[in-house]
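All remarks here apply to the structure that follows.
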Amino acid sequence: MNLKEKIIENLLFCCALLTILTTIGIVGVLVVETFKFFIEVSIIEFFTSTQWTPLFAEKHFGILPLLAGTFLTTTIAILVAVPMGLCIAVYLSEYAHPKTRGIVKPILEILAAIPTVVYGYFALVFLTPALQNLIPGLAGFNALSPGIVMGIMILPLVSSLSEDALYAVPKPLREGAFALGSTRFQTAWKVVVPSAFSGIAVSVILAVSRAIGETMIVAIAAGQQPRFTLNPFVPIETATTYIVQVSQGDIPHDSLEYRTIFAVGITLFILTFILNNVSFWLKRRFHQAYH
Amino acid sequence: MLVSGSKEDSIKPITNRPNKRNRKKLKKRLKQFKGSHYFEFQNIFFKNLAILCALVGVLFLGLLLYDVISRGIGRLDWDFFSNPPSRKAERAGIYTAWIGTVWIMLLTAAIAFPIGVGAGIYLEEYNKKNRLSNLLEVNIANLAGIPSIIYGLLGLEIFARTFMLGGSILTGALTLALLILPIIIVSTREAIKSVPQSLREGSYALGASKWQTIWHQVLPASMSGIITGVILAISRAIGETAPLLVIGALLYVPIAPEGVMDSFTVLPIQIYNWINRPQQEFTENAAAAIIVLLFITFVMNGLAVYLRYRWQKKSKWQ
Numbered sequence: 011m012n013l014k015e016k017i018i019e020n021l022l023f024c025c026a027l028l029t030i031l032t033t034i035g036i037v038g039v040l041v042v043e044t045f046k047f048f049i050e051v052s053i054i055e056f057f058t059s060t061q062w063t064p065l066f067a068e069k070h071f072g073i074l075p076l077l078a079g080t081f082l083t084t085t086i087a088i089l090v091a092v093p094m095g096l097c098i099a100v101y102l103s104e105y106a107h108p109k110t111r112g113i114v115k116p117i118l119e120i121l122a123a124i125p126t127v128v129y130g131y132f133a134l135v136f137l138t139p140a141l142q143n144l145i146p147g148l149a150g151f152n153a154l155s156p157g158i159v160m161g162i163m164i165l166p167l168v169s170s171l172s173e174d175a176l177y178a179v180p181k182p183l184r185e186g187a188f189a190l191g192s193t194r195f196q197t198a199w200k201v202v203v204p205s206a207f208s209g210i211a212v213s214v215i216l217a218v219s220r221a222i223g224e225t226m227i228v229a230i231a232a233g234q235q236p237r238f239t240l241n242p243f244v245p246i247e248t249a250t251t252y253i254v255q256v257s258q259g260d261i262p263h264d265s266l267e268y269r270t271i272f273a274v275g276i277t278l279f280i281l282t283f284i285l286n287n288v289s290f291w292l293k294r295r296f297h298q299a300y301h
Numbered sequence: 325m326l327v328s329g330s331k332e333d334s335i336k337p338i339t340n341r342p343n344k345r346n347r348k349k350l351k352k353r354l355k356q357f358k359g360s361h362y363f364e365f366q367n368i369f370f371k372n373l374a375i376l377c378a379l380v381g382v383l384f385l386g387l388l389l390y391d392v393i394s395r396g397i398g399r400l401d402w403d404f405f406s407n408p409p410s411r412k413a414e415r416a417g418i419y420t421a422w423i424g425t426v427w428i429m430l431l432t433a434a435i436a437f438p439i440g441v442g443a444g445i446y447l448e449e450y451n452k453k454n455r456l457s458n459l460l461e462v463n464i465a466n467l468a469g470i471p472s473i474i475y476g477l478l479g480l481e482i483f484a485r486t487f488m489l490g491g492s493i494l495t496g497a498l499t500l501a502l503l504i505l506p507i508i509i510v511s512t513r514e515a516i517k518s519v520p521q522s523l524r525e526g527s528y529a530l531g532a533s534k535w536q537t538i539w540h541q542v543l544p545a546s547m548s549g550i551i552t553g554v555i556l557a558i559s560r561a562i563g564e565t566a567p568l569l570v571i572g573a574l575l576y577v578p579i580a581p582e583g584v585m586d587s588f589t590v591l592p593i594q595i596y597n598w599i600n601r602p603q604q605e606f607t608e609n610a611a612a613a614i615i616v617l618l619f620i621t622f623v624m625n626g627l628a629v630y631l632r633y634r635w636q637k638k639s640k641w642q
């Protein structure tokens, strides 16, 4: 009887341990392949060259164009998602009737459930032609339209998490502000939002991390031309798109070209890892603030 | 709703102490402010702006659905479901893609469900507070934030190459199972956490062992919460495209898979394939396949929401 209990406990422990093995696997795979990559390519070239042409006859391995593309689409997405998400969050938490909140929140959360390939379709087939009517110089593949669509995709992430943070601000703070004669608007923006700042920052950082790692929207609608540019109207390539592009081609395993995807992958991993950990750290501090 | 034009709005101008010079000016301003127009305006302006923002999100959703349905609904007939992909758009269907999706879905669930629930039980019921448990918690939170395409790289190296499973259904399911594991673990823990301590104590008092208590009391009580989490996780896995592309799921699969070692395609990849073609007819095919994909996603999410609602109603223990 006791033995059986022990076996079950150990089995369950193994399940939990699998999550650690997954992390070790991810880091291990990325590090080993990247190490092999840097034996052949100088690390200085990787971080300073502004050309990324590993699949051409004349090879250059500078990741900056891919990072520029990622930065561009992420920035556009954040510019769409954060102001809108914050406004919605303040409205839902400070203004709206509980019933309104009960309707609006789930509708917005549907946006988060839609598969990203659908967003990619929408960016390419609907939004880009629509924007081309407004902006004559806009290319068929560009950073603007996937950026906007990505912004809408992460909108519920920002609005839900920020709303939770605003909602957690203690009531006496609001009452104090009202007692001093503040209007609802002043209370919301000058008292509640600053009090919930770290919670809002968590949502923004998570949104940035999500946008950096997003793949299908940019793979479909942003193009596959690594360019060191901040012009949102021309085709670009993001880090994630490059990985998709290479795994679609028939590049032999164990070649230098094949290893590039792991070098790009580890860059992506490190970026999002740092952002996620900053957000955990902030979250922990912010939870302590009110307890 | 909002107490618009409430009394506190008109206080500010009066608190400014007037001197003789600007008294006239102030009187004029006061007149303007009578009924607290400025602050009321600020309030109403923001409120409408926020409603507009929410509407943009809803409108976007509506436009997306409208565009997809108006483009794709004409292609949805029996042939579309029963035809394999073809180079001719009007003959092409999603037969192999949806068979592949069903395979991937079932296998992913079969792998991720026991492991995820097991890990959740361990962390909630057996785990002692020590450094290892802290590491496990932080690690699971971190795994949830890793971009899905990175899981594709893991699957490619470990399952496809090291274990030599290639671009098979098994590789895809193992990769997606690891991807959704954190979601299942977190929701299992939430569900188990909400089971009251008294239920466990009652079971122990009757002489049950720890595992008997978990198996006969805690798990049945939290099962619908766990199932909700699993359904949400699976519906996430159905929409995943990037990791499957990386591990080598094929864009063109003419024959439906029959075993776990067969090569495969899934609906999102079939959609990606059709979007990438320049011809208008393929865009219509993509829209039709998107309708099917969205239908599955919405049905699963709706089911999860319903189950959660029922569970919350039932689990008011006191």
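Protein chains in written order, with the numbering used here: chain H, 11 to 301; chain D, 325 to 642.
All C-beta atoms, glycine included, are put in the ideal place defined by N, C-alpha and C.
Under DSSP, H:W62 takes part in a beta bridge, and its partners are H:F71.
D:S492 is bridged by DSSP to D:S587. For D:S533, the nearest beta carbon of chain H is closer than 8 angstroms to its own beta carbon. The closest CA to that of D:I470, considering only H:W291, H:C25, H:F296, H:T33, is found on H:T33. By the C-beta criterion, the stretch 454-468 of chain D is judged not to be in contact with the stretch 392-399 of chain D, since fewer than 3 inter-stretch pairs fall below 8 angstroms. Between H:T83 and D:A566, the CB-CB gap reaches or exceeds 8 angstroms. Here H:A273 carries a helix assignment [DSSP, helix/strand/coil].
Per the coordinates, the alpha-carbon of D:Q521 lies some 19 angstroms from the alpha-carbon of D:K637. Contact between D:L617 and H:P245 does not hold, since the beta-carbon distance rounds to 27 angstroms and is not under 8 angstroms. CA-CA distance, H:P75 to H:L278, rounds to 14 angstroms. Less than 8 angstroms separates the beta-carbon of D:F483 from that of D:L489. Take H:I86, set aside five residues on each side of it, and the residues of its chain with a beta-carbon closer than 7 angstroms to its own are A153, L154, G157, I158, G161, P242, in chain order.
For H:V127, the three-state secondary structure derived from DSSP is helix. With respect to the 8 angstroms criterion, H:F71 and H:F56 are classified as neighbours on the basis of their beta carbons. Ranked by how close their Cα comes to the Cα of H:T80, the residues H:P262, H:L240, H:N286, H:K293 have H:L240 in first place.
The residue among D:I599, D:L502, D:P592 with its C-alpha nearest the C-alpha of D:F619 is D:P592.
Per DSSP, H:E104 lies in no alpha helix (DSSP H) segment and is marked neither H nor E. Around H:N286, the beta-carbon contacts reaching into chain D at under 7 angstroms are N466, G469.
Three or more Cβ pairs drawn from the stretch 514-534 of chain D and the stretch 542-561 of chain D lie within less than 8 angstroms of each other, which places the two stretches in contact. For D:V623, the number of other beta carbons within 10 angstroms of its own is below 16, and it is reported as exposed. Closest by C-alpha distance to D:T589, out of D:S472, D:L387, D:I507, D:I423, is D:I423.
As the crow flies, the alpha-carbon of H:V127 is around 11 angstroms from that of D:A611. Assigned with DSSP and collapsed to three states, D:S410 falls in coil, not helix or strand. Chain order gives the chain D residues near H:E15 as S533, K534, W535, where near means a beta carbon separation below 8 angstroms. Each residue's CA atom was taken as its position, placing H:I215 and D:K349 some 47 angstroms apart. In the three-state reduction of the DSSP assignment, D:G469 falls in the coil class. Looking only at H:L102, H:L144, H:V41, H:L118, the smallest Cα-Cα distance to H:G275 is reached by H:V41. Of the candidates H:S172, H:E173, H:K200, H:S169, the residue whose Cα lies closest to the Cα of H:L183 is H:K200. Here H:I98 is near D:C377, since their CB atoms are less than 8 angstroms apart. Straight through space, the alpha carbons of H:I280 and H:H107 are spaced by roughly 42 angstroms.
Secondary structure in the stretch 403-456 of chain D: the alpha helix (DSSP H) runs of 4 residues or longer, each lying completely within the stretch, are 419-445 in chain order. Scanning chain D for C-beta atoms nearer than 8 angstroms to the C-beta of H:I18 yields W535, reported in chain order. For H:I261, same chain residues with a beta-carbon under 6 angstroms away, outside a window of 5 residues either side, are E267, Y268 in chain order. In the structure shown, the three-state DSSP call for D:R485 is helix. In this structure, the CA atom of D:N625 is about 15 angstroms from the CA atom of D:I508. Residue H:A217 holds the alpha-carbon nearest to the alpha-carbon of H:N286 among H:A217, H:V254, H:A175.
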